[in-house]
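Q: This structure is in structure tokens; I'll ask about it shortly.
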Amino acid sequence: MQPRHAATHLPQPSKHRLTVNRHRGFKIAVTVVVALALSSGVAVAERLRQLDANIDVLHGVNDLLGLNRPDQEKGDGGGAPLDPFGGRSVNILITAIDTRDGDNAAVVREAGPKSATWTPSLLNDVNMIAHISKDRSRVDVVAIPRDTLIPIPACVRPDRSVAEPLRQEQINASFSRGAAGDSANKTEGVACVMKTIEQVTNIRLDTFILVDFAGFANVVDGLGGIDICVPDGLVGKESKINLPPGMNHLDGSTALAFARTRKGTTSAGRLDGSDTSRISRQQELIATVISEFMDSGNLQSLPKLNATATAITKSLYVGEELGSITSLAGLAYVLRDIKMANVSLFTAPWGEAPSDKDRVILAEWGTPGRFGGLNAQEVFQVMAADQPVPGTTPYKAAHPETPASTEPSTPPPDSSSKEPGATTDLPPSDDEFVTPLKAPTKC
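Position one of the sequence shown corresponds to residue 8 (the working numbering), numbered consecutively onward.
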């Protein structure tokens with residue numbers, strides 16, 4: 008499958024001035040590294056002020072989402088004192104935009120095509136929901152492929168005009184519709200992505216983390232690079248990447264190229280060009296980055312922790328709910344003892360779109376042996392109910408004796424007769440689309 012970019016033809020309004028404070032953060036991993044920095048004695052009062060000044064907060068996103076949103080879980084008033092979401096589970100949108108202006112231009116030149124000029128684009132190519140359980144013992148990160156055809160709701164643009172709803176479009180067109188094609192309009196862009204994903208999943212999003220090319224590369228470089236296993240090697244066709252088989256040490260620009268490569272060759276054959284196969288590499292990178300944070304040797308290196316915390320807080324944009332080192336550190340602190348077996352990264356169930364073989368749709372029926380037979384909406388319902396998703400790493404840790412299903416992977420005769428939210432008694436299998444949070448030490 009070879010996906011293509013969503014076409015977006017929007018008028019270019021006058022530049023909208025954002026209300027932005029100097030605040031930035033990094034996916035789920037930012038909470039981990041800040042907690043480590045605090046516990047290791049790096050974050051004295053002055054250092055906290057410096058890190059706090061680094062972070063970029065986008066204000067006013069919630070005001071653009073309207074009132075017709077999924078219900079938010081009511082907290083019970085419990086939880087740790089510094090936890091900004093104490094007493095309830097948390098759903099955080101993680102989105103990465105494909106933009107090639109500003110600092111991103113240099114990163115594109117380093118990691119981008121070997122020849123020719125990339126056409127300008129503004130696409131939310133990475134869309135994930137990080138669900139943190141109410142008891143802070145589990146994190147599930149579900150990715151929705153960028154080529155997924157879904158309805159996009161009406162979104163408010165910077166000039167307060169409205170981008171009309173679309174019945175069917177790729178999910179990665181939503182940021183540009185809200186931002187009116189201008190990467191400076193991040194507030195409106197993120198709001199449109201949040202509104203779209205809430206409508207598609209019926210999961211209430213509590214806040215967001217936004218990253219671009221330069222931010223991702225900076226975080227990897229702040230770690231001193233990462234080691235990743237590439238068993239079959241990888242030579243990109245349109246990206247500047249040439250990795251031999253085995254363990255490879257990646258700097259920021261190379262890691263970005265690894266995450267973005269869709270076309271190329273390996274010793275096992277050619278890449279299929281699909282975004283769904285690329286997602287597995289992106290999840291592997293995230294797992295490796297988090298594992299690098301948790302490495303005991305890194306915990307003992309105060310200079311490295313300091314450099315990493317600086318790179319992270321300078322790299323991304325966050326919502327108001329995560330807009331300070333205090334709130335980040337508070338959430339990080341309550342996640343400090345989380346077991347790696349209780350963190351899972353996976354892709355929502357999908358299938359080829361009947362109308363277009365180059366696009367995908369969220370699966371309308373379950374497949375035995377994958378997520379215990381749940382379809383996409385049922386997976387989202389399980390997450391919204393704060394339960395581990397069958398087939399994922401946390402579920403398997405809680406059900407170690409559950410055998411794998413050997414039933415054939417066929418849709419039910421009448422999928423419409425299945426009640427919404429109904430589950431199946433088919434046991435989950437070892438799903439290859441679930442990425443365990445454990446970086447390989449050998450290759």
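We put the beta carbon where it would ideally sit given N, CA and C, even for glycine.
All values reported here derive from a predicted model rather than from experimental measurement.
Counting pairs of Cβ atoms below 8 Å between the segment 189-197 and the segment 147-166, do you hit three or more?
A: Short answer: they touch.
Q: For Ser284, I'd like the list of residues in its chain whose CB is within less than 7 Å of its CB, leaving aside the five on either flank, ordered along the chain.
A: Hits under 7 Å: Leu278.
Q: Roughly how many angstroms separate the alpha carbons of Asp154 and Gly330, rounded to a whole number?
A: Each residue's alpha carbon lies about 31 Å from the other.
Q: Do you know offhand how far Lys141's Cα is from Ser287's?
A: Roughly 27 Å separates the two Cα atoms.
Q: Count the other CB atoms, across all protein chains shown, that sit within 10 Å of the CB of Thr333; report buried if there are 16 or more and exposed otherwise.
A: Burial call: exposed.
Q: Let's test the definition: count the other Cβ atoms within 10 Å of the Cβ of Gln289 and tell me whether it reaches 16, buried, or not, exposed.
A: Looking at its Cβ environment, which holds 16 or more other Cβ atoms inside 10 Å, Gln289 is buried.
Q: Give a yes or no on whether the C-beta atoms belonging to Ile99 and Thr203 are separated by under 9 Å.
A: Contact flag unset, no.
Q: Which word fits Val40, buried or exposed, when buried means at least 16 other C-beta atoms lie within 10 angstroms of its C-beta?
A: Below a pLDDT of 50, predicted positions are generally treated as unreliable, and Val40, at 43, falls in that range; the measurement from the model is reported next regardless. Flag for Val40 reads buried.
Q: Where does Gly84 land, buried or exposed, given buried means 16+ other C-beta within 10 angstroms?
A: Per the 10 Å Cβ criterion, exposed.
Q: Does Asp213 come out as helix, strand or coil in the three-state DSSP assignment?
A: Note: Asp213 maps to coil in three-state DSSP.
Q: So, using beta-carbon positions, are Ile293 and Phe265 closer together than 9 Å?
A: Their beta carbons are not under 9 Å apart, which means Ile293 does not touch Phe265 by this criterion.
Q: Just how far apart, CA to CA, sit Pro238 and Thr268?
A: Straight-line Cα distance between these residues: approximately 16 Å.
Q: Take Glu327 and list the residues in its own chain whose beta-carbon comes closer than 7 Å to its own, dropping the five residues that flank it on each side.
A: Correct list, in chain order: Val64 and His66.
Q: For Tyr324 and Gly222, what's the separation of their Cα atoms in angstroms?
A: For Tyr324 and Gly222, the distance between alpha carbons rounds to 9 Å.
Q: Could you check what DSSP says for Cys162 in three-state terms: helix, strand or coil?
A: Strand, per DSSP.
Q: Among all the DSSP beta bridges, which residues are the ones paired with Glu359?
A: Glu359 is bridged to Val367.
Q: Let me know if Asp70 comes out buried or exposed under the rule of 16 or more other beta-carbons within 10 Å of its beta-carbon.
A: Answer is exposed; the Cβ neighbour count stays below 16.
Q: Are there 16 or more other CB atoms within 10 angstroms of the CB of His138, so buried, or fewer, so exposed?
A: Buried, because 16 or more other Cβ atoms sit within 10 Å of the Cβ of His138.
Q: Quick check: what's the CA-CA separation for Val389 versus Val149?
A: Spanning the two alpha carbons is a distance of roughly 12 Å.
Q: Please report the distance separating the alpha-carbon of Glu371 from that of Ile157.
A: Whole-angstrom Cα-Cα distance: 12 Å.
Q: Helix, strand or coil for Phe378? Go by DSSP, reduced to three states.
A: Correct three-state label for Phe378: helix.
Q: Could you check if Arg56 is buried or exposed, using at least 16 other CB atoms within 10 Å of its CB as the buried criterion?
A: Looking at its Cβ environment, which holds fewer than 16 other Cβ atoms inside 10 Å, Arg56 is exposed.
Q: Should Leu74 go down as buried or exposed, given a rule of 16 or more other Cβ atoms within 10 Å for buried?
A: Leu74 should be labelled exposed.
Q: Please look up how many angstroms separate the CB atoms of Pro395 and Pro401, rounded, as I've assumed it's under 8 Å.
A: Correct: roughly 4 Å between the Cβ atoms.
Q: Ignore the nearest five residues each way along the sequence and tell me which others in Leu72's own chain have a CB closer than 8 Å to its CB.
A: For Leu72, where only same-chain residues beyond five positions count, the Cβ hits under 8 Å are Ala198, Met201, Lys202 and Glu205.
Q: Could you pull out every residue in the same chain whose Cβ sits closer than 7 Å to the Cβ of Asp90, ignoring the five residues on either side in sequence?
A: Result list for Asp90: Gly337, Leu338 and Val341, in chain order.
Q: Between the C-alpha atoms of Lys321 and Asn313, what's the straight-line distance to the nearest angstrom?
A: Taking the straight line from one Cα to the other gives about 12 Å.
Q: Can you tell me whether DSSP reads Cys236 as helix, strand or coil?
A: The answer is strand: DSSP assigns Cys236 an E or B state.
Q: State buried or exposed for Gln79, treating a residue as buried only when at least 16 other CB atoms are found within 10 Å of its CB.
A: Gln79 should be labelled exposed.
Q: Please classify Val207: does DSSP put it in a helix, a strand, or coil?
A: Val207 falls in the helix class under three-state DSSP.
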